[in-house]
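Here is the structure we will look at.
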Amino acid sequence: MSGLVSRRTFLGHCHRAAALAALIPSSLLYGQEPANGFSWKAGIARSVITPEKAVWLAGYGSKRSPEGKLHDLWMKALALEDTAGQRAVLITSDFQGVPRSMSDLVFAEAEKRFGLKRDQILFTFSHNHCGPRLGDDLIDYYPVEADQEELVRQYTARMVTETVDLIGRALAALAPARLQQGSGKATFAVNRRNNREADIPQLLADGAALKGPVDHTVPVLTVTRPDGTLAAILFGYACHPTTLSFLQWCGDYPGFAQLELEQNHPGATAMFVNTCGGDQNPLPRRTVALCEKYGHQLAVGVEEALKQPLTPIASTLRTAFEIVDLPYLMVVSRDELTAYRQDRNAIRARWAERLLKKLDAGDTFEAAYPYPVHAWQLGGEMLVIAQGAETVVDYALRFKQKYGPGTWVMGYTDDMISYIPSRRVWDEGGYEGGSNLFEYGRPALRWAGDIEERIAATVEKLVAQVRAKQ
Ligand SMILES: [Zn+2]
């Protein structure tokens, strides 16, 4: 990176600073903020979510009965309230995929009990493949066994109650705090579309450059109490938690990173968000030693950020939310489903069978999927863009470039849905961009080619709302 700042960039920064200053209430600009800077309120709550019964591990498209645990799985919540009393709650979890059928119940109950609207809650999941199945997420991925369906149903219902309770406890714990942010780096994520997994060890040994876009940034947000104690560390990384594919509960690399940070900072709650890791893998992989190593590398990235001067975040909170319809390229027909019934791919055969039953029952298929997009503006300094599903890294790179420093772009929010390719990945095809929506139970094989532009237009609208003058 060059130390020179071009005139255009400099003027851009000035312009942005002026625009941001206009957003900050004059009470904060002119010294009415409490002198100690602890003008936010923050509340933190946590729950162990490790299943007590034999719910299968999620992901990898097969039956995976659990065989004990390496460490517990967690769900954690950070509630925030600004000086004007505006509230929001961020939930992080070691779940592989939260389906809309589950999160909608949480949102409805949270509105009823706490008056929180949809724009005020982000329900994120790390996409941990050593976490449990939930509801109808990846419904056709697994063999159908009645006992297992019942266990998944019971566990999911318990988790809905647990999540609502967690939100309530985080809100009840609201107390003065200072928010600050910074960023570090970790380099173990590899673009899995552009590098063959088998080649990675040799390429790394040779010091060769790996191909394809990555996002090695580790964004960090700290919550500090007036007595100086660190109450929470929120951090992100763009990479699949798929180091391990064994049968023990654990949080994969984000689980190890959170444990290490909590050991380093007793009393602090470490919270992880998967930024846009849809096409990124931790490579090489498949051993506990590698998983611990990546967790450690990520924790080191966070610690390095904490050693740098952090940027304080002014106590103003604006939130916006919208559902944008993402159209499928073509909805699957009865004839196609009838042919797929005999498919050698067991997932596709189960998918065809299930959808044919729906058609027989008189159902029709939607031509588009309702896709959740959020924007949160914290002070003038931090912008959170949060999107549903498995967003590929291009989304983070695009929105960080467009909206500038302090921008976090999270995938895996509210609803698992499927991969969300950028136009580049859609044009290339392959696993994340091609005809694989059947794996997620969608009534189509591919997204339409313009979904990136539809999402970007929605993000632009929401960012304008949260950055608008009041
Ligand atoms: Zn995935």
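The numbering used here puts the first residue of the sequence shown at 161, with every later residue one more than the last.
All C-beta atoms, glycine included, are put in the ideal place defined by N, C-alpha and C.
Since the model is a prediction, treat every value here as computed from it, not as a measurement.
### Extent of the continuous beta strand (DSSP E) to which Asn424 belongs
Taken as a continuous stretch (DSSP letters only), Asn424 belongs to no beta strand (DSSP E), being part of the alpha helix (DSSP H) at 412-424.
### Task
Measure the Cβ-Cβ separation of Trp409 and Pro226 and say whether it is below 8 Å.
Their beta carbons are under 8 Å apart, which means Trp409 touches Pro226 by this criterion.
#### Entry: Candidates Lys236, Gly344, Ala237, Tyr529: closest to Gly548 by CA position
Looking only at Lys236, Gly344, Ala237, Tyr529, the smallest Cα-Cα distance to Gly548 is reached by Tyr529.
### Task
Please work out which residues of its chain come closer than 6 Å, Cβ to Cβ, to Gln457, disregarding the five sequence neighbours upstream and downstream, and give them in chain order.
Ala346, Phe348.
### Query
Measuring CB to CB, does Ile204 end up less than 8 Å from Ala392?
The Cβ-Cβ distance between Ile204 and Ala392 falls below 8 Å.
### Query
Excluding five sequence neighbours on each side, which residues of the same chain lie with their C-beta closer than 6 Å to the C-beta of Ile611?
For Ile611, where only same-chain residues beyond five positions count, the Cβ hits under 6 Å are Leu486.
### Query
Do Glu128 and ligand 1 come close, with the Cβ less than 7 Å from some heavy atom?
Residue 128 falls outside the range modelled here, since the chain spans only 161 to 630, and no answer is possible.
### Query
Quick one, which of Asp254, Ala270, Gly197, Asp279 has its alpha-carbon nearest Gln537's?
For the residues Asp254, Ala270, Gly197, Asp279, the minimum Cα distance to Gln537 belongs to Asp279.
### Message
Can you tell me whether Gln537 is helix, strand or coil according to DSSP?
### Response
Note: Gln537 maps to strand in three-state DSSP.
### Task
Specify which residues have a beta carbon nearer than 6 Å to any heavy atom of ligand 1, listing them in chain order.
These are the residues, in chain order, with a beta carbon less than 6 Å from any non-hydrogen atom of ligand 1: His287, His400, Glu550.
### Query
Are there 16 or more other CB atoms within 10 angstroms of the CB of Val304, so buried, or fewer, so exposed?
Its Cβ having fewer than 16 others within 10 Å, Val304 is exposed.
### Task
Compute the beta-carbon to beta-carbon distance between Ala527 and Val484, rounded to the nearest angstrom, for a pair I have assumed lies under 8 Å.
The pair is not a contact, with the Cβ atoms about 14 Å apart (cut-off 8 Å).
### Task
Leaving aside the five residues before and after Pro414 along the sequence, list all residues of the same chain whose C-beta is less than 6 Å from its C-beta, in chain order.
Excluding positions up to five away in sequence, the list reads Ser286, Pro401, Phe432.
#### Entry: Sub-8 Å separation of Leu282 and Val383 beta-carbons
No, Cβ-Cβ distance for Leu282 and Val383 is not below 8 Å.
### Residue closest to Phe198, alpha-carbon to alpha-carbon, out of Leu443, Asp387, Arg627
Checked all of Leu443, Asp387, Arg627; the closest Cα to Phe198 is Asp387.
### Message
What would DSSP say about Ala306, mapped onto helix, strand or coil?
### Response
The three-state secondary structure of Ala306, taken from DSSP, is helix.
### Query
Does the stretch 571-578 come close enough to the stretch 246-265 to have 3 or more Cβ pairs within less than 8 Å?
Yes, the stretch 571-578 is in contact with the stretch 246-265.
### Task
Go ahead and label Asn434 buried or exposed: buried means 16 or more other beta carbons lie within 10 angstroms of its beta carbon, across all protein chains shown.
With 16 or more Cβ atoms within 10 Å of its Cβ, Asn434 is classed as buried.
### Query
Terminal residues of the continuous alpha helix (DSSP H) containing Ser578?
In the DSSP assignment, Ser578 falls outside any alpha helix (DSSP H), carrying neither H nor E.
### Message
So for Trp234, helix, strand or coil by DSSP?
### Response
Here Trp234 sits in strand by DSSP.
### Residue interval of the beta strand (DSSP E) (run including Tyr397)
Per DSSP, Tyr397 belongs to the beta strand (DSSP E) from 390-397.
### Query
Which first and last residues belong to the alpha helix (DSSP H) in which Met262 is found?
260-274 is the span of the alpha helix (DSSP H), which, as asked, contains Met262.
### Message
Less than 7 Å separating the Cβ of Thr402 from some heavy atom of ligand 2?
### Response
Absent from the structure shown: ligand 2. Ligands present: ligand 1.
### Anticipated Cβ contact below 8 Å, Thr403 with Tyr454, distance rounded
Thr403 to Tyr454, Cβ: 6 Å. Contact.
### Closest by C-alpha distance to Thr498, when choosing among Arg514, Leu489, Tyr488
If we check each option's Cα against that of Thr498, Arg514 comes out closest.
### Message
Measuring CB atoms only, is the stretch 212-232 touching the stretch 348-362, in the sense that at least three cross pairs come out at less than 8 Å?
### Response
The stretch 212-232 vs the stretch 348-362: no contact.
### Task
Taking the CB atoms as reference points, tell me whether Pro292 and Trp568 lie closer together than 8 Å.
Not in contact: Pro292 and Trp568 (Cβ atoms no closer than 8 Å).
### Query
What is the DSSP secondary structure of Met319, reduced to helix, strand or coil?
Judged by DSSP in its simplified three-state form, Met319 adopts helix.
#### Entry: Beta-carbon gap between Phe395 and Val462 smaller than 8 Å
Yes, they are a contact pair.
### Task
Report yes if the C-beta distance between Arg494 and Asp300 is below 8 Å; otherwise report no.
At the C-beta level, Arg494 and Asp300 stay beyond 8 Å of one another.
### Beta-carbon proximity list for Leu450, same chain, < 8 Å, skipping 5 on both sides
Closer than 8 Å at Cβ, skipping near neighbours: Thr403, Pro442, Pro444.
### Presumed contact (8 Å Cβ cut-off) between Ala474 and Gly539, rounded CB distance
Contact holds; Cβ gap of about 3 Å.
### Query
Would a C-beta distance cut-off of 8 Å place Asp412 and His289 closer than the cut-off?
Yes, the pair counts as a contact, with Cβ atoms nearer than the cut-off.
### Message
Just verifying my parser: in three-state terms, what is the DSSP assignment at Ile631?
### Response
Coverage of the chain is limited to positions 161 through 630, which leaves residue 631 absent and any answer about it impossible.
### Query
Going by DSSP, what residues sit across from Arg353 in a beta bridge?
None; Arg353 has no bridge partner.
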